[in-house]
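Peer 1:
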Amino acid sequence: MLRRRRGRATATTAALTVEGGSWAAWCASAAVGSPESVRHLLTQLRAVLTTGPSGARTAALDALSQAPARLLLLLDRHARPGPPVSGPAGPLRLFLDSLDARGMTRQAAVEGLAACGGPLAAAALALRTDDWAAEVRQRATSALMMRSAPDEVAAAVRVLLRMEHRTRAGGLLADYRAALSTPPHRRAVRALAADADPPARRFGVELALDLGEYVPGDLLRAALYDGDQVCRRLCAQRLLEIEPAQAGRLLTAKGAGVRELAVAALPPDVPAKHLVPLLADRARMVRAQARWQLYQRGEPPAEVYRVQLRKAVKATSTAQRLLVGLVVGLGECGDASDARLLGGLLGSPQPAVRRAAAHGVARLAAPDQLVGLLGPLANDPDPGVAREVFEGLSRVPHEVPPETLWIGRTRTEPAVRRLAERIGARRPGQAGGAYAQSGQTPR
Numbered sequence: 189m190l191r192r193r194r195g196r197a198t199a200t201t202a203a204l205t206v207e208g209g210s211w212a213a214w215c216a217s218a219a220v221g222s223p224e225s226v227r228h229l230l231t232q233l234r235a236v237l238t239t240g241p242s243g244a245r246t247a248a249l250d251a252l253s254q255a256p257a258r259l260l261l262l263l264d265r266h267a268r269p270g271p272p273v274s275g276p277a278g279p280l281r282l283f284l285d286s287l288d289a290r291g292m293t294r295q296a297a298v299e300g301l302a303a304c305g306g307p308l309a310a311a312a313l314a315l316r317t318d319d320w321a322a323e324v325r326q327r328a329t330s331a332l333m334m335r336s337a338p339d340e341v342a343a344a345v346r347v348l349l350r351m352e353h354r355t356r357a358g359g360l361l362a363d364y365r366a367a368l369s370t371p372p373h374r375r376a377v378r379a380l381a382a383d384a385d386p387p388a389r390r391f392g393v394e395l396a397l398d399l400g401e402y403v404p405g406d407l408l409r410a411a412l413y414d415g416d417q418v419c420r421r422l423c424a425q426r427l428l429e430i431e432p433a434q435a436g437r438l439l440t441a442k443g444a445g446v447r448e449l450a451v452a453a454l455p456p457d458v459p460a461k462h463l464v465p466l467l468a469d470r471a472r473m474v475r476a477q478a479r480w481q482l483y484q485r486g487e488p489p490a491e492v493y494r495v496q497l498r499k500a501v502k503a504t505s506t507a508q509r510l511l512v513g514l515v516v517g518l519g520e521c522g523d524a525s526d527a528r529l530l531g532g533l534l535g536s537p538q539p540a541v542r543r544a545a546a547h548g549v550a551r552l553a554a555p556d557q558l559v560g561l562l563g564p565l566a567n568d569p570d571p572g573v574a575r576e577v578f579e580g581l582s583r584v585p586h587e588v589p590p591e592t593l594w595i596g597r598t599r600t601e602p603a604v605r606r607l608a609e610r611i612g613a614r615r616p617g618q619a620g621g622a623y624a625q626s627g628q629t630p631r
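Counting along the sequence shown from 1, when you hit position 1 you're at 189 in our numbering, and nothing is skipped either side.
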């Protein structure tokens, strides 16, 4: 009797644990874990369907409905071979039957899922549109095309996007996109454009743009503030197609892709002084686009950089970001004659400026100038500066003094030590290696 009571207590505790959140943990583990964790989840799902209480089945369904699409594809991959499912009829039974190895069972499950609402049913139908049995595939496709509820459409799209390149599912996403373009699905499209899943959201935004769901104000807000860089760029492209004059507003966008589009859309006669912040932008693509604006009208960007950099150095109130951007930009498009101008900034008290100057000098300076300009910074307290220094010195490994090489080999930063070792390995006789091995300071 005591043993029976203990057994009942253990079963009750297990049920409470399952209902209390283990399903979410198991789903999360299976979505990013090993095949064993996926098979463990399948075992638990079959067990709760057969012997679990209704509350546990509901908890399992909720967890599967909220799980990422990747998990559903993993369950479909690892469900076969597996034992036949037994248990009460319902959405969970239909879902597990849709993963069965027997075609007749999957066909019956698809018939049941077609009459069953909810995002999990829609996702399961989307899975079966890639079924190897033509009858199952056709029935699942027909049932899926009838779905118009926003949550069901989103669940289906998340799965279809991840099966887009499969042979049997080829073309289905395009057909489903065409179905979503009809009036009954407009509400679902707007929900897709705000979906939490990045691929589904991008799909929804692109479709909404094609359907003209956004007014210019919506496009501007999305281009400036949307959390997804692809969506920001899509909205910026459409806004600039409709109203090119909005390019000036988009220059302040946080996304570099949007700023690049805005620079490309600026009028060709925009004054060079208005391009200075863009020439010094923190993003390489924006700087390159601003330089292209100057190239197109015959103005050498390097000369603009030189003039503005000299002004910035003389002014005491120049913002660090602008100064760094000008130094980086000149290093990208200048020539050997600019090494002296950049070298004058190697002693800046600002590490970011020294780092940018070292990068520019390493790229532009003549080989016989590199050691003299960069060598004194080998022991710079900023790791980024030291990395740029030894990256530049790797151009002339035979000219690097042993004491400079020893400094690099004894610094704490792994990247700097690797560069120093690489330089030493390229020297005749690997000069400086004795210092590194003995730990002694060269004299």
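Built from N, CA and C at the ideal position, the CB exists for glycine as well.
Note that the structure is a prediction, hence the values are computed from the model and not measured.
Buried or exposed for R614, going by 16 or more other Cβ atoms inside 10 Å?
Peer 2: exposed
Peer 1: Tell me which same chain residues have a C-beta within less than 6 angstroms of the C-beta of A309, skipping the five on either side of it?
Peer 2: L301
Peer 1: Taking the alpha carbon of A384 as the reference point, which residue from D339, R599, G548 has its own alpha carbon closest?
Peer 2: D339
Peer 1: Just checking my contact of R543 with E591 at CB under 8 angstroms: how many whole Å lie between their CB atoms?
Peer 2: At roughly 23 angstroms, the Cβ-Cβ gap does not stay under 8 angstroms, so R543 and E591 are not in contact.
Peer 1: Locate the alpha helix (DSSP H) running through H373, then write down its first and last residues.
Peer 2: Note, H373: premise wrong, no alpha helix (DSSP H); not H, not E.
Peer 1: Who are the Cβ neighbours of F391 in its own chain at under 7 angstroms, not counting the five residues just before and after it?
Peer 2: Counting only residues of its own chain and dropping the five nearest sequence neighbours on each side, F391 has a CB closer than 7 angstroms to the CB of V345, L349, L380.
Peer 1: Indicate the three-state DSSP secondary structure (helix, strand or coil) for Y402 in the structure shown.
Peer 2: coil
Peer 1: With DSSP as the reference, label C215 as helix, strand or coil.
Peer 2: helix
Peer 1: Could you check how far apart the C-beta atoms of R610 and S582 are, in whole angstroms? I think they sit under 8 angstroms.
Peer 2: 6 angstroms
Peer 1: Find the nearest neighbour of G535 within the set V501, T506, R509, G415, judged by alpha-carbon distance.
Peer 2: V501
Peer 1: Report buried or exposed for R316, applying the criterion of at least 16 other Cβ atoms within 10 angstroms of its Cβ.
Peer 2: buried
Peer 1: Between which two residues does the alpha helix (DSSP H) harbouring R365 extend?
Peer 2: From DSSP, the alpha helix (DSSP H) with R365 extends over 360-368.
Peer 1: On a CA-only basis, which of V474, G531, A603 is nearest L497? Give me that one, please.
Peer 2: The shortest Cα separation from L497 among V474, G531, A603 belongs to G531.
Peer 1: Anyone know if the C-beta pair for A411 and R420 falls short of 8 angstroms?
Peer 2: yes
Peer 1: Please state if the CB of A247 and the CB of W214 are separated by a distance shorter than 8 angstroms.
Peer 2: no
Peer 1: Quick check: the Cα distance between V559 and V604, rounded to an integer number of angstroms?
Peer 2: One C-alpha to the other measures close to 16 angstroms.
Peer 1: What is the rounded straight-line gap between the Cα of D398 and the Cα of L361?
Peer 2: 16 angstroms
Peer 1: Thinking C-beta only, is A311 closer than 8 angstroms to S286?
Peer 2: no
Peer 1: If you check the beta carbons only, do V298 and R265 fall under 8 angstroms apart?
Peer 2: no
Peer 1: Classify Y483 as buried or exposed, calling it buried when 16 or more other Cβ atoms lie within 10 Å of its own Cβ.
Peer 2: exposed
Peer 1: Along the alpha helix (DSSP H) that carries L561, what are the first and last residues, could you check?
Peer 2: 555-562
Peer 1: For L407 and C423, which I take to be in contact (beta-carbon distance under 8 angstroms), what is that distance rounded to the nearest angstrom?
Peer 2: 5 angstroms
Peer 1: Taking the alpha carbon of Y402 as the reference point, which residue from Q425, D250, R365 has its own alpha carbon closest?
Peer 2: With distances taken between Cα atoms, Y402 lies closest to Q425.
Peer 1: Touch check for the stretch 227-243 and the stretch 289-297: three-plus C-beta pairs under 8 angstroms?
Peer 2: no
Peer 1: State the Cα-Cα distance for the pair S222 and G306, rounded to the nearest angstrom.
Peer 2: Taking the CA atoms as reference points, S222 sits about 28 angstroms from G306.
Peer 1: For the alpha helix (DSSP H) holding K461, just list the boundary residues, first then last.
Peer 2: 460-467
Peer 1: Given a cut-off of 8 angstroms on the beta-carbon distance, is the pair M333 and A376 in contact?
Peer 2: no
Peer 1: Is G240 helix, strand or coil by DSSP?
Peer 2: In the three-state reduction of the DSSP assignment, G240 falls in the coil class, being assigned neither a helical nor a strand state.
Peer 1: Kindly give me the distance between the Cβ atoms of R551 and L518, rounded to whole angstroms, as I take these residues to be in contact under 8 angstroms.
Peer 2: R551 to L518, Cβ: 10 angstroms. No contact.
Peer 1: Grouping DSSP H, G and I as helix and E and B as strand, with all else coil, what is L534?
Peer 2: Three-state DSSP puts L534 in coil, outside helix and strand.
Peer 1: Measuring alpha carbon to alpha carbon, tell me which residue in T440, A337, R258, T370 is nearest M351.
Peer 2: R258
Peer 1: For G513, count the other beta carbons within 10 Å of its own beta carbon; 16 or more makes it buried, fewer makes it exposed. Which is it?
Peer 2: With 16 or more other Cβ atoms within 10 Å, it is buried.
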